[in-house]
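What follows is a set of notes on a single structure, which appears directly below.
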Amino acid sequence: MTTIRNNLQSVHARIADACAGAQRQVNEVTLLAVSKTFGPEAVREAYDAGQAAFGENYIQEAVEKIALLRDLPLQWHCIGPIQTNKTRLVAAHFDWAHTVDRLKIAQRLSQQRPQGMAPLQICIQVNIDGGLTKAGVAPAQALDLAQEVVQLPGITLRGLMTIPEPAADFEAQEAVHLKAKALFDQLRQAGLAVDTLSMGMTSDLEAAISAGATIVRVGTAIFGNRLAR
Ligand SMILES: *Cc1c(COP(=O)(O)O)cnc(C)c1O
Numbered sequence: 002m003t004t005i006r007n008n009l010q011s012v013h014a015r016i017a018d019a020c021a022g023a024q025r026q027v028n029e030v031t032l033l034a035v036s037k038t039f040g041p042e043a044v045r046e047a048y049d050a051g052q053a054a055f056g057e058n059y060i061q062e063a064v065e066k067i068a069l070l071r072d073l074p075l076q077w078h079c080i081g082p083i084q085t086n087k088t089r090l091v092a093a094h095f096d097w098a099h100t101v102d103r104l105k106i107a108q109r110l111s112q113q114r115p116q117g118m119a120p121l122q123i124c125i126q127v128n129i130d131g132g133l134t135k136a137g138v139a140p141a142q143a144l145d146l147a148q149e150v151v152q153l154p155g156i157t158l159r160g161l162m163t164i165p166e167p168a169a170d171f172e173a174q175e176a177v178h179l180k181a182k183a184l185f186d187q188l189r190q191a192g193l194a195v196d197t198l199s200m201g202m203t204s205d206l207e208a209a210i211s212a213g214a215t216i217v218r219v220g221t222a223i224f225g226n227r228l229a230r
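Start counting the sequence shown at 2; every next residue gets the next number (the numbering used here).
Here it is, written out as structure tokens:
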């Protein structure tokens with residue numbers, strides 16, 4: 002068995018354990034394999050082991066990789082920062098964008114989504130813990146932004162995405178993820194038909210699933226350590 006196949010099996014086992022612990026069904030949680038910095042051959046290997054959804058951070062790198070993998074039925078998720086000068090590439094090449102953090106970006110993705118493609122699936126990135134990276138909308142602004150985004154054609158609002166600062170232990174990780182879950186519930190109570198909470202990575206996926214994550218984004222545990230970019 003290849004390493005990537007083995008690793009995928011281990012991650013699926015972690016997800017299954019976390020779901021059992023949280024009394025959730027394992028099919029409520031989707032594994033997004035984060036392939037940033039790894040080449041198309043690593044993605045092919047993961048695909049051969051049953052993985053179809055991949056997350057990429059660096060848009061130019063992703064577009065090249067996507068082109069080299071056209072022969073496979075893969076789903077591509079943009080999980081990196083989206084500058085205004087990159088929205089056209091995201092709209093043309095991705096299935097999902099998790100990192101929409103202002104209306105301007107959503108409007109451009111809406112306008113630039115090519116005719117004939119399915120709507121781009123959108124998550125609003127929330128700066129859930131006020132982390133130093135500052136990416137994401139403030140929690141208090143998330144509902145307003147969601148109510149604007151949901152009206153735009155060419156894109157479909159699916160939910161929220163967070164990247165909390167690393168926390169020391171399970172309880173601390175879960176406490177932050179529960180804040181995201183509360184915000185997600187608030188959007189639903191306001192009548193928005195959102196179904197996606199994208200949170201949890203290699204080091205905190207159990208806490209994220211416990212708190213209600215529906216997509217976990219895992220890189221290192223599948224592909225190994227990344228080289229500095
Ligand atoms: C790199 C990255 C991941 C994956 O992180 P790992 O710790 O390698 O699992 C998930 N989400 C985002 C936004 C990332 O940039």
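In this text, a Cβ means the ideal position worked out from N, Cα and C, and glycines have one as well.
These numbers were taken from a predicted model, which means no experiment stands behind them.
How many angstroms separate the CA atom of residue i from the CA atom of residue j?
{"i": "Ala-43", "j": "Leu-146", "result": "36 Å"}
{"i": "Leu-179", "j": "Val-127", "result": "13 Å"}
{"i": "Leu-25", "j": "Arg-189", "result": "The displayed chain sequence assigns Arg, not Leu, to residue 25. Near 19 Å, if we compare the C-alpha coordinates of Arg-189 and Arg-25."}
{"i": "Ala-143", "j": "Val-150", "result": "10 Å"}
{"i": "Gly-192", "j": "Lys-182", "result": "16 Å"}
{"i": "Pro-165", "j": "Asp-102", "result": "15 Å"}
{"i": "Gly-201", "j": "Ala-194", "result": "22 Å"}
{"i": "Gln-113", "j": "Thr-85", "result": "11 Å"}
{"i": "Ala-17", "j": "Phe-171", "result": "17 Å"}
{"i": "Gln-148", "j": "Ala-14", "result": "37 Å"}
{"i": "Thr-100", "j": "Ile-106", "result": "9 Å"}
{"i": "Gln-116", "j": "Gly-155", "result": "8 Å"}
{"i": "Arg-234", "j": "Asn-58", "result": "Because residue 234 is not part of the residues shown, which for the chain are 2 to 230, the question remains open."}
{"i": "Ser-36", "j": "Ala-136", "result": "21 Å"}
Do residue j and residue i count as a contact pair if the criterion is CB distance below 7 Å?
{"i": "Ser-211", "j": "Leu-153", "result": "no"}
{"i": "Ile-5", "j": "Ala-47", "result": "yes"}
{"i": "Gln-108", "j": "Thr-157", "result": "no"}
{"i": "Leu-161", "j": "Phe-185", "result": "yes"}
{"i": "Ala-278", "j": "Leu-75", "result": "The requested residue 278 is not part of the displayed model; the chain covers only 2 to 230."}
{"i": "Pro-41", "j": "Leu-69", "result": "yes"}
{"i": "Val-219", "j": "Thr-197", "result": "no"}
{"i": "Gln-33", "j": "Ile-216", "result": "First, the amino acid is wrong: residue 33 is Leu here, not Gln. The answer is yes: Cβ separation under 7 Å."}
{"i": "Val-64", "j": "His-94", "result": "yes"}
{"i": "Trp-77", "j": "Asp-96", "result": "yes"}
Exposed or buried, which one is residue i when buried takes at least 16 other CB atoms within 10 Å?
{"i": "Val-27", "result": "exposed"}
{"i": "Met-118", "result": "exposed"}
{"i": "Phe-1", "result": "Lying before the first or after the last residue shown, residue 1 is absent from the chain, which here runs from 2 to 230."}
{"i": "Gln-10", "result": "exposed"}
If I'm right that residue i touches residue j with Cβ under 8 Å, what's the distance once you round it to whole angstroms?
{"i": "Thr-38", "j": "Leu-228", "result": "6 Å"}
{"i": "Arg-176", "j": "Val-30", "result": "Before going further, note that residue 176 is Ala rather than Arg in the sequence given. The Cβ separation is near 20 Å, so there is no contact."}
{"i": "Ile-60", "j": "Val-91", "result": "6 Å"}
(message) So within the stretch 122–167, which uninterrupted beta strand (DSSP E) runs reach at least 3 residues, ignoring any that extend past its ends?
(response) If we require 3 residues or more, the beta strand (DSSP E) runs fully inside the stretch 122–167 come out as 156–162.
(request) Could you tell me which uninterrupted alpha helix (DSSP H) segments, each at least 4 residues in length, are contained entirely in the stretch 22–82, listed from first to last along the chain? (result) 41–49 and 60–69
(request) Could I get the ranges of all uninterrupted alpha helix (DSSP H) runs contained in the stretch 87–112, with 4 residues as the minimum, in chain order? (result) 88–94
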